[in-house]
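Visitor:
Protein chains: 2
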Amino acid sequence: MPNTARWAATITLTATAVCGPLTGSALAATHSPAALYAPSSLVLTTGHGEFAADSTPERAVTLSCAPTASGTHPAALSACIELRSTGGDFDALATRGDAMCTREYDPVVVTVDGVWQGKRVSYERTFSNECVKNSYGTAVFTF
Amino acid sequence: MPNTARWAATITLTATAVCGPLTGSALAATHSPAALYAPSSLVLTTGHGEFAADSTPERAVTLSCAPTASGTHPAALSACIELRSTGGDFDALATRGDAMCTREYDPVVVTVDGVWQGKRVSYERTFSNECVKNSYGTAVFTF
Chain A
1249 MPNTARWAAT ITLTATAVCG PLTGSALAAT HSPAALYAPS SLVLTTGHGE
1299 FAADSTPERA VTLSCAPTAS GTHPAALSAC IELRSTGGDF DALATRGDAM
1349 CTREYDPVVV TVDGVWQGKR VSYERTFSNE CVKNSYGTAV FTF
Chain B
1249 MPNTARWAAT ITLTATAVCG PLTGSALAAT HSPAALYAPS SLVLTTGHGE
1299 FAADSTPERA VTLSCAPTAS GTHPAALSAC IELRSTGGDF DALATRGDAM
1349 CTREYDPVVV TVDGVWQGKR VSYERTFSNE CVKNSYGTAV FTF
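Protein sequences appear in the order of chains A and B. So the number in my numbering is just where the residue sits in the first sequence, counting from 1, plus 1248. So the number in my numbering is just where the residue sits in the second sequence, counting from 1, plus 1248.
1. At a Cβ cut of 7 Å, what residues of the region 1347-1362 of chain B count as close to chain A, listed as they run along the chain?
2. Taking only the alpha-carbon atoms, compute the straight-line gap between residue 1285 of chain A and residue 1352 of chain A and give it to the nearest angstrom.
3. Do residue 1372 of chain B and residue 1359 of chain B count as a contact pair if the criterion is CB distance below 7 Å?
4. With DSSP as the reference, identify every bridge partner of residue 1240 of chain B, one or two as the case may be.
5. Which chain A residues sit within Cβ distance under 7 Å of residue 1290 of chain B?
6. How would you list, in chain order, the residues of chain A whose beta-carbon sits under 7 Å from the beta-carbon of residue 1319 of chain B?
7. Report the three-state DSSP secondary structure of residue 1295 of chain B (helix, strand or coil).
8. In whole angstroms, what is the alpha-carbon distance linking residue 1307 of chain A and residue 1350 of chain B?
9. Below 6 Å CB to CB, which residues in the same chain sit around residue 1321 of chain A once its five sequence neighbours on both sides are set aside?
10. Which whole-angstrom value is the C-beta distance of residue 1291 of chain B and residue 1339 of chain B, which I expect to be below 8 Å?
11. In whole angstroms, what is the alpha-carbon distance linking residue 1316 of chain B and residue 1355 of chain B?
12. Kindly list, in the order they appear in chain B, the residues whose Cβ is closer than 7 Å to that of residue 1480 of chain A.
Given below as structure tokens:
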């Protein structure tokens, strides 16, 4: 086999090995009529404003925590660990002690919709500014 | 370098090359304060019952359609293409002509929450049975 062909084969095989198992397990889990675990799939949005109803979502990310952490959330694994530690209670996410934020009032509203461990979630929370939002928890609201 | 170390290095590099670009673009997109495109991130659930309020979500999948199709939805790409073709109108998803379903009444309710092209989505629809649900569109409700 010429060298380039061998490299192409290696890359394809490795991609399957690395990316494949995730897709495979997700498929198996979502397709089975009786899933082995309670689903945890969320959409988080953030936008400027006091209430979600009046604000346009500027960013929206997905977060799936079962069977594995995934989604477009930039820190999916940390976010899942944090949520598991509070039992899915978004109000219980503690603020970080080291965050230094100004008192500027430029409210941002975060929404969370979907399912956490089999229970429907519909959550909304307003922070006085972006910095304060990002200071809660270490990952969940930082997107 | 011993052979095993070289292989480990190859796998790591390849994994970064193959999986990295996706993560990178997702990060850039979700982190930038002014995203280059309107976000499209959804959570779809399905459960037995007539109304979402009375039913337990048995399955829940995420679907992200920008910048690329992703999520735990088993056919994310097809689902995104279908939704784009109806402009995000879930009621406009046509039923497949070739679906053969019984008239059995065992209702399943589907919910869709999140954001489609920058607009909030909160959708609920009841189908008379699982087969009828899966006959709508080719992918969106088939999870």
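Where is the CB? At the ideal position from N, CA and C, for every residue including glycine.
Guide: Considering the structure as presented:
1. 1361, 1362
2. 43 Å
3. yes
4. Residue 1240 of chain B lies beyond the stretch modelled for chain B, which goes from 1249 to 1391, so this question has no answer here.
5. 1291
6. 1310
7. strand
8. 42 Å
9. 1309, 1311, 1327, 1391
10. Residue 1291 of chain B to residue 1339 of chain B, Cβ: 19 Å. No contact.
11. 33 Å
12. The displayed coordinates of chain A run from 1249 to 1391. Any statement about residue 1480 of chain A would go beyond what the structure contains.
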